[in-house]
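Undergrad:
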Amino acid sequence: MKKYDVAALGELLIDFTENGTSSQGNPILEANPGGAPCNVLAMLSQLGKKTAFLGKVGKDSFGSQLEAALQEAGINTSGLKRDQNVNTTLAFVHTKEDGDREFSFYRNPGADMMLEEADLETDLLRQCRIFHFGSLSMTHERCRKATQRAVAVAEESGALLSFDPNLRSALWADLEEAREQICYGLAHCQILKISDNEIQWLTNEEDFDKGIAQIQEKYKIPLIFLSMGKSGSRAYTRNLRVEQPAFVQEHTIETTGAGDTFMGAVLNAVLDYGWNEYEAVQLEEMLRFANAAASLVTTRKGALRVMPERREIETLIRGGGK
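Numbering (my numbering), first residue to last: 1 to 322.
1) Considering only residues of the same chain and omitting the five flanking positions on each side of Gln249, which have a CB-CB separation below 7 Å?
2) If the criterion is Cβ atoms closer than 9 Å, does the pair Ser169 and Ala159 meet it?
3) DSSP three-state call for Asp60: helix, strand or coil?
4) Would DSSP call Ala150 helix, strand or coil?
5) For Phe131 and Ala154, which I take to be in contact (beta-carbon distance under 8 Å), what is that distance rounded to the nearest angstrom?
6) Please state whether DSSP places Cys128 in a helix, a strand or coil.
7) Can you tell me whether Ile199 is buried or exposed? The criterion is at least 16 other CB atoms within 10 Å of its CB, across all chains shown.
8) Determine which residues share a DSSP beta bridge with Pro27 and list them.
9) Does the Cβ of Pro27 have 16 or more other Cβ atoms within 10 Å, making it buried, or fewer, making it exposed?
10) Please classify Leu186: does DSSP put it in a helix, a strand, or coil?
11) Could you tell me the distance, in whole angstroms, from the CA atom of His188 to the CA atom of Thr51?
12) Under 9 Å, do Val6 and Leu271 count as touching if we go by C-beta distance?
13) Answer yes if the region 223-239 comes into contact with the region 262-271, meaning at least three C-beta pairs across the two stretches below 8 Å, and no otherwise.
14) Within a Cβ cutoff of 6 Å, which residues of the same chain sit near Leu66, ignoring the five residues on either side of it in sequence?
15) Check whether the region 233-253 and the region 279-287 touch, using three or more Cβ-Cβ pairs below 8 Å as the test.
16) Pull up the CB-CB distance for Phe133 and Phe163, whole angstroms please, since I reckon it's below 8 Å.
17) From this set, Glu217, Thr252, Gly185, Ser231, which residue's C-alpha is nearest Asn197's C-alpha?
18) Which residues in the same chain as Phe16 place their Cβ atom closer than 8 Å to its Cβ, once the five residues preceding and following it in sequence are excluded?
19) Report the partner residues of Leu90 according to the DSSP bridge assignment.
20) Bridge partners of Pro245, per DSSP?
21) Counting only runs of 4+ residues fully inside the region 247-281, write out the alpha helix (DSSP H) ranges in chain order.
22) For the alpha helix (DSSP H) containing Ala42, list its first residue and its last residue.
23) Whole angstroms is fine: what's the gap from Glu121's alpha carbon to Gly185's?
24) For Gly158, list the residues DSSP reports as bridge partners.
25) What does DSSP give as the partner residues of Arg82 in its beta bridges?
26) Just reading off the beta strand (DSSP E) that Ala7 is part of, what are its end residues?
27) Should Asp260 be labelled buried (16 or more other beta-carbon atoms within 10 Å of its own) or exposed?
28) So what does DSSP say about Thr95, is it helix, strand or coil?
29) Thinking C-alpha only, which one of Leu316, Leu136, Ser227 is nearest Ala8?
30) Between Trp172, Ile191, Cys128, which lies nearest to Tyr219 when the distance is taken from Cα to Cα?
31) Does DSSP classify Ile212 as helix, strand or coil?
32) Please state if the CB of Ala36 and the CB of Gly20 are separated by a distance shorter than 9 Å.
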């Protein structure tokens, strides 16, 4: 028995999201705790799983806010480090009319980039059933080495590895370097979550199934989840392809954290079912639950602190999305 169900490594930052306008007509920005790996952990914690985070924030007020938010969410913070010299990373999120987002990052440098091998609490990595990571912790050499070391320790401990590319083009000096590091992640995971635009960018295939087939052939990843926004999601194994529609909300505010919520929900299902060759009915249930959870979070500002409870998700499913 391991102490943690899921440990994750990566960025923890403040998402400044629009929340109305001032009397002078200026946008009012709300400082929401964010960062894809911690959003995933927050969903898992909400569903009763034991989680831990490894990363770095600044020794500033935003860093303190983020540490408190993780603790409030039930995420173990013993692997969270504070940088004396570099401030907490900030992201400014502009929500477009269709609910999609544009990001502007203040990360040159940001504290999350300063994570290094010596900062890693390797006991957390050895004591998790699943280790989850993304590509933002591999944009620069220092944090890349830390990520690769964490991957090696988790692999040695027998953990399942889960990867979400979570491509943010603006954070890479060179998109070919981004491709190289994302391919590293693909080569070191058993569970992959990838979005529709990412699979097209990575494989140069407009047809999602052909793109996934290309990934399967090269990397032999046993379980792949494809998120397609309002078009729903798919799951792929060696023998199966399963699809479920999205729960489209009339009251969507923004999509920040929807993919992370989806990821947390499917990892929760993997933990509940156990690692095996899943049947179609199990994959359908995974996708329905994850789609519903992601749908609910789009009706709320922020993500990490507003993850839906199980009863809300089940109620939405029973109601057919209404």
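Glycine included, each C-beta is placed from N, C-alpha and C at the ideal position.
Quick caveat: nothing in here was measured; it's all calculated off a predicted structure.
TA: So, from the data block:
1) As a first step, residue 249 must be located in the sequence shown, where it is residue number 249. Cβ within range, chain order: Ser295, Thr298, Thr299.
2) In the sequence shown, residue 169 corresponds to position 169, counting from 1. In the sequence shown, residue 159 corresponds to position 159, counting from 1. No, these two residues do not count as a Cβ contact at 9 Å.
3) Within the sequence shown, residue 60 is the residue found at index 60, counting from 1. Note: Asp60 maps to coil in three-state DSSP.
4) For the purposes of this step, residue 150 is taken as residue 150 along the sequence shown, with counting starting at 1. It is helical.
5) Translated into the one-based positions of the sequence shown, residue 131 becomes position 131. Translated into the one-based positions of the sequence shown, residue 154 becomes position 154. Their Cβ separation, rounded to whole angstroms, is 4 Å, which keeps Phe131 and Ala154 in contact under 8 Å.
6) Translated into positions along the sequence shown, residue 128 becomes position 128. Looking at Cys128 - three-state DSSP - the assignment turns out to be strand.
7) Position 199 of the sequence shown, counted from the first residue, corresponds to residue 199. That one is buried.
8) Here residue 27 refers to the residue found at position 27 when the sequence shown is read from its first residue. When DSSP reads this structure, Pro27 sits in a beta bridge with Thr21.
9) Taking the sequence shown and counting its residues from 1, the one referred to as residue 27 is at position 27. Answer is exposed; the Cβ neighbour count stays below 16.
10) By one-based count along the sequence shown, residue 186 stands at place 186. DSSP places Leu186 in helix when its eight states are reduced to three.
11) Taking the first residue of the sequence shown as 1, we reach residue 188 at position 188. Taking the first residue of the sequence shown as 1, we reach residue 51 at position 51. Whole-angstrom Cα-Cα distance: 21 Å.
12) The count along the sequence shown starts at 1 and reaches residue 6 at position 6. The count along the sequence shown starts at 1 and reaches residue 271 at position 271. Cβ distance < 9 Å, so Val6 and Leu271 count as in contact.
13) Yes, they touch.
14) Taking the sequence shown and counting its residues from 1, the one referred to as residue 66 is at position 66. Within the same chain, Leu66 has close Cβ partners Leu12, Pro33, Val57.
15) Yes, they touch.
16) Start at 1 with the first residue of the sequence shown, and residue 133 comes out as number 133. Start at 1 with the first residue of the sequence shown, and residue 163 comes out as number 163. 6 Å between Cβ atoms; contact.
17) As a working note, residue 197 is residue 197 in the sequence shown. Checked all of Glu217, Thr252, Gly185, Ser231; the closest Cα to Asn197 is Ser231.
18) Taking the sequence shown and counting its residues from 1, one reaches residue 16 at position 16. Closer than 8 Å at Cβ, skipping near neighbours: Leu29, Glu30, Ala31, Asn32, Leu90, Ala91, Phe92, Val93.
19) Your numbering for residue 90 matches position 90 in the sequence shown. DSSP, once it has assigned bridges, lists Ile14, Tyr106 as partnering Leu90.
20) Here residue 245 is taken as the residue at index 245 of the sequence shown, counted from 1. Answer is none; Pro245 lacks a bridge partner.
21) Restricted to the region 247-281, the alpha helix (DSSP H) segments that are unbroken, complete and at least 4 residues in length are 258-273, listed in chain order.
22) Counted from its first residue, the sequence shown places residue 42 at position 42. 36-46 is the extent of the alpha helix (DSSP H) around Ala42.
23) By 1-based counting over the sequence shown, the position of residue 121 is 121. By 1-based counting over the sequence shown, the position of residue 185 is 185. Computed Cα separation, rounded: 21 Å.
24) Here residue 158 refers to the residue found at position 158 when the sequence shown is read from its first residue. Note: Gly158 sits in no beta bridge, so no partner.
25) Taking the first residue of the sequence shown as position 1, residue 82 is located at position 82. According to DSSP, Arg82 bridges with Val57.
26) On the sequence shown, residue 7 is found 7 positions in, with the first residue counted as 1. For Ala7, the uninterrupted beta strand (DSSP E) run begins and ends at 4-9, by DSSP.
27) Position 260 of the sequence shown, counting from 1, holds the residue named residue 260. Burial call: buried.
28) Within the sequence shown, residue 95 is the residue found at index 95, counting from 1. Note: Thr95 maps to strand in three-state DSSP.
29) On the sequence shown, position 8 is the one that residue 8 refers to. If we check each option's Cα against that of Ala8, Leu136 comes out closest.
30) Locating residue 219 in the sequence shown gives position 219, counting from the first residue. Residue Ile191 is the option with its Cα nearest to Tyr219.
31) Translated into positions along the sequence shown, residue 212 becomes position 212. Correct three-state label for Ile212: helix.
32) Residue 20 sits at position 20 when you count from the first residue of the sequence shown. Residue 36 sits at position 36 when you count from the first residue of the sequence shown. No Cβ-Cβ contact shorter than 9 Å links Gly20 with Ala36.
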